[in-house]
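First the structure, in the form of structure tokens, and then the observations on it.
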Amino acid sequence: MTTRAPKDDHDEAGLRVGPPAASAAGVPGVVHGLKDVLEQAGVRRGVKTLRVLNQQRGFDCPGCAWPEPGKPHLAEFCENGAKAVAEEATVRRVDAAFFAAHPVAELAGRSDHWLGQQGRLTEPMLRDTGDTHYRPITWDRAFDVIASELRGLASPDDAVFYTSGRTSNEAAFLYQLFARTLGTNNLPDCSNMCHESSGAALSETLGIGKGSVSIEDITDHADLIVIVGQNPGTNHPRMLTALEHAKRRGSRIVAVNPLPEAGLHTFKNPQTVRGVVGKGTLLSDLYLQVRLGGDLAFFQAVNRMLVDADAVDHAFIDQYTTGYDDAVAAWQKLDWDDVATATGLPREAIEAFVAEVRQAESVIVCWAMGLTQHKKAVPTIREIVSFLLLRGNVGRPGAGACPVRGHSNVQGDRTMGIWEKPPAAFLDALESEFGITAPRRPGHDTVDTIRAMRDGRVRVFMAMGGNFASATPDSDLTAAALQSVPLTVHVSTKLNKSHALAGQRSIILPCLGRTERDVQAGGEQFVTVEDSMSAVHASRGTLRPASRQLRSEVGIVCGLASRVFGPDGGGVPWASFAADYTAVRARIARVIPGFDDYEAKVAVPGGFVLPHPPRDSRSFPTASGKAQFSVNELEVLRVPPGRLILQTVRSHDQFNTTIYGLDDRYRGIRDGRRVVFVNPADLVSLGFADGAMVDLVSEWTDGDRRAPSFRVVSYPTAPGCAAAYFPETNVLVPLDHTAEVSNTPASKSVVIRLEPASA
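Numbering-wise, the sequence shown is residues 0 to 758 according to numbering that gives the first Met the number 0.
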């Protein structure tokens with residue numbers, strides 16, 4: 000067993016480019032996933048972990064939020080799930096000796112891949128003002144430093160409490176309670192950067208900011224599944240199994256995406272004979288290569304065609320919706336030349352899709368960040384809801400809206416109150432339950448947090464998980480803003496870029512991972528999470544913690560709160576919560592609707608599903624009491640000659656900002672990440688050869704931003720469009736280039752030019 004971490008990967012000299020794959024998963028997926036587990040965790044530890052991954056008495060994958068089926072397979076995990084477990088169950092360690100050998104300046108120059116591969120954090124660390132290295136600090140001393148800063152703030156709003164999507168329900172509930180007891184709603188989270196647009200649009204149109212389908216709707220009932228702006232083969236691989244079940248039952252699948260993705264072409268399920276020795280399952284019946292930013296025009300055109308053909312459910316529209324006549328009037332004004340320019344699709348292709356829709360009794364639309372990270376993301380998702388409403392595809396089996404969340408509990412964190420704009424009813428319930436005075440003024444979301452740090456309005460920044468520096472836009476600006484903060488605190492399992500680009504003083508608090516046993520004064524504990532389809536279930540780790548000094552996220556929040564608020568805890572029994580998580584769940588049950596009888600419900604194998612009025616009873620908690628058709632202005636994204644529209648994407652060896660390796664098998668990339676995918680015809684018109692080295696330069700109102708030394712890869716992306724990996728290209732995304740309403744970074748529509756490499 001090797002425990003050696005790889006060399007740094009900034010040198011791209013070994014980068015190799017081959018043809019993209021025609022299928023996803025298969026035997027190579029199994030081999031690559033198990034290879035990482037065996038290399039980092041070893042045979043015994045690795046097998047022990049994988050056999051309970053996503054099982055009903057095991058732990059929830061720390062990767063994506065795709066739900067488990069009612070009867071999980073014995074190997075209910077994907078390649079990237081295995082890699083996520085390998086990263087957490089690794090026997091590599093980042094201890095005091097490591098930090099003594101590596102000054103912070105050196106770590107800041109390392110890649111995200113190298114940092115993540117060093118291993119698990121083992122003890123609290125402090126880099127004090129002016130220090131060149133992190134040094135060990137006791138838990139008591141760490142809490143004292145943080146508490147002193149928080150108690151000394153001129154205003155509670157001078158502190159910010161960020162959350163990543165892996166935080167459990169229990170920890171998230173206590174974290175927001177801590178912030179609001181302190182007196183602030185500054186609770187930005189990773190949802191601000193991914194599905195905030197979905198929540199905003201769905202709340203406006205259906206009355207609840209969550210998807211309206213179950214996994215059974217996909218596997219057992221849907222006639223047509225539309226996958227738009229999503230790459231499940233890399234980002235939600237277990238979804239491919241559900242799509243295969245649907246396809247073999249007779250469902251039709253349509254993919255709408257600027258990039259052809261192997262996982263939406265053919266799936267080789269390694270748990271079936273046909274996936275191992277056969278041809279696999281052809282998934283997509285129709286592929287529509289839409290231009291970046293063209294999804295709004297696409298769905299407007301589809302809706303116009305359905306109305307013109309009178310292929311709508313008038314009875315449903317009359318009984319359950321409002322705004323139909325205004326929406327129809329707007330669609331009738333649609334300019335077909337604008338549609339063609341915006342979508343890049345011939346009218347015949349859109350008509351072919353409409354034919355699929357008309358033949359289907361039940362339709363589901365799935366989407367991810369390919370839709371949510373555009374300026375017009377919220378109007379686009381509103382238009383998708385109108386598309387569903389036209390034929391009554393909400394509130395019946397096999398039909399509905401399916402935003403596929405990324406991180407494993409990002410939806411649960413929002414349910415628990417991690418939100419900078421909480422509803423008054425939630426704050427009222429907190430006040431009634433705990434006797435606190437909850438702040439009512441809106442807090443900072445993620446983008447506004449960066450602005451506030453830049454402007455010197457943040458004194459303490461605390462992150463519960465995540466890699467803020469690498470997840471956020473405008474990398475140089477964000478790094479400078481983060482480093483200007485007097486104190487940053489990171490609760491983490493592993494080393495990442497945010498620890499190296501931290502504040503004037505910085506503290507790292509190492510925590511337990513999902514894979515590890517959590518034993519407190521009240522005995523062995525479990526936590527709960529909510530998946531992408533509103534199912535809540537338990538998660539129990541089985542491994543011995545990586546270090547005796549690790550504390551649970553619940554324990555860290557409670558320990559800090561006790562230190563900040565004094566012996567009485569500000570009226571909140573923090574010590575009791577830390578000792579026994581059933582006490583936390585009892586309070587959640589009294590504060591948050593749908594969690595009544597929480598302990599009993601979550602004890603049932605598979606847990607329980609939260610109520611969703613549009614799905615459950617076709618009731619819509621909107622202002623009008625009905626589902627809302629909307630009028631959305633079409634904006635055609637036009638770029639100057641010689642420019643491209645760039646979208647940032649993940650590689651297959653990646654989950655969010657965690658880089659597992661340097662390959663993207665599905666796109667033919669080996670041993671490197673600094674590549675830009677460009678349509679062959681665009682390369683000819685721009686005068687660049689396949690394989691040329693270029694700088695990517697984004698253009699914005701306040702000037703240019705540059706990402707140097709990328710290799711051009713000729714690739715069949717939509718004409719006029721390009722793609723490159725994040726976080727390497729986050730530097731190109733201007734801080735103020737955000738989606739309307741949601742303020743989500745518009746990372747999928749950045750105007751760039753290519754220049755010969757400057758170095």
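Ideal placement from N, C-alpha and C gives every residue a C-beta, glycine not left out.
Here DSSP, grouped into helix, strand and coil, assigns residue 379 to helix. Within the same chain, and ignoring the five residues on either side of residue 630 in sequence, the residues whose Cβ sits closer than 7 Å to its Cβ are 325, 326 and 329.
For residue 313, the closest C-alpha among the options 622, 487 and 391 is that of 391. CA-to-CA, the gap between residue 603 and residue 269 works out to about 30 Å.
For residue 449, the three-state secondary structure derived from DSSP is helix. A direct Cα-to-Cα measurement between residue 490 and residue 414 gives close to 21 Å.
Going by DSSP, residue 489 is part of the beta strand (DSSP E) stretching over 486 to 491. Look at residue 65 here: in three-state DSSP terms it is coil, with no helix or strand label.
The three-state secondary structure of residue 119, taken from DSSP, is strand. With a cutoff of 8 Å on beta-carbon distance, residue 590 and residue 426 are scored as not near each other. Annotated as distal: residue 643 and residue 652, with beta-carbon spacing of 8 Å or more. Residues 214, 530, 531, 532 and 534 of the same chain have their beta carbon placed closer than 7 Å to that of residue 66, with the five preceding and five following residues left out of the count. Put simply, of 263, 223 and 225 the residue whose alpha carbon is nearest the alpha carbon of residue 236 is 263. Taking a 10 Å sphere around the C-beta of residue 689, we find fewer than 16 other C-beta atoms and assign the residue as exposed. With distances taken between CA atoms, residue 665 lies nearest to 19 out of 12, 14 and 19. Restricting attention to 253, 614 and 598, the CA atom closest to the CA of residue 580 is found in 598. Taking 8 Å as the cut-off, the Cβ atoms of residue 200 and residue 362 do not count as close. Bounds of the alpha helix (DSSP H) holding residue 557 are 552 to 564. Secondary structure of residue 663 (DSSP, three-state): strand.
Here DSSP, grouped into helix, strand and coil, assigns residue 243 to helix. Taken in chain order, the complete alpha helix (DSSP H) segments of 4 residues or longer contained in the stretch 145 to 218 are 168 to 181 and 195 to 204. Sixteen is the threshold: when 16 or more other Cβ atoms of the shown chains lie within 10 Å of the Cβ of residue 178, as they do, the residue is buried. Between the alpha carbons of residue 462 and residue 711 lies a distance of about 36 Å.
Rounded to whole angstroms, the separation of the alpha carbons of residue 647 and residue 748 is 9 Å. Within a 10 Å sphere around the beta-carbon of residue 126 sit 16 or more other beta-carbons, which makes this residue buried.
By the criterion of at least three beta-carbon pairs nearer than 8 Å, the stretch 227 to 236 is in contact with the stretch 363 to 371. Between residue 271 and residue 282 the beta-carbon gap is near 14 Å, outside 8 Å, which marks them as no contact. Nearest to residue 48 by C-alpha distance, out of 15, 69, 86 and 21, is 86. Residue 546 is positioned such that its CB atom lies no closer than 8 Å to that of residue 730. If you look at residue 328, you'll find it in the alpha helix (DSSP H) that goes 323 to 331. For the 8 Å CB-CB criterion, residue 193 and residue 405 form a contact. Using a Cβ-Cβ distance cut-off of 8 Å, the stretch 342 to 353 and the stretch 283 to 291 are in contact, since at least three pairs of beta carbons, one from each stretch, lie closer than that value. Residue 536 carries a strand assignment under DSSP once its states are collapsed to helix, strand and coil.
Between the beta-carbon of residue 734 and that of residue 446 there is about 6 Å, and that keeps the pair under the 8 Å contact cut. In this chain, the beta strand (DSSP E) harbouring residue 518 covers 517 to 519.
Per DSSP, residue 724 lies in no alpha helix (DSSP H); the unbroken beta strand (DSSP E) holding it starts and ends at 720 to 724.
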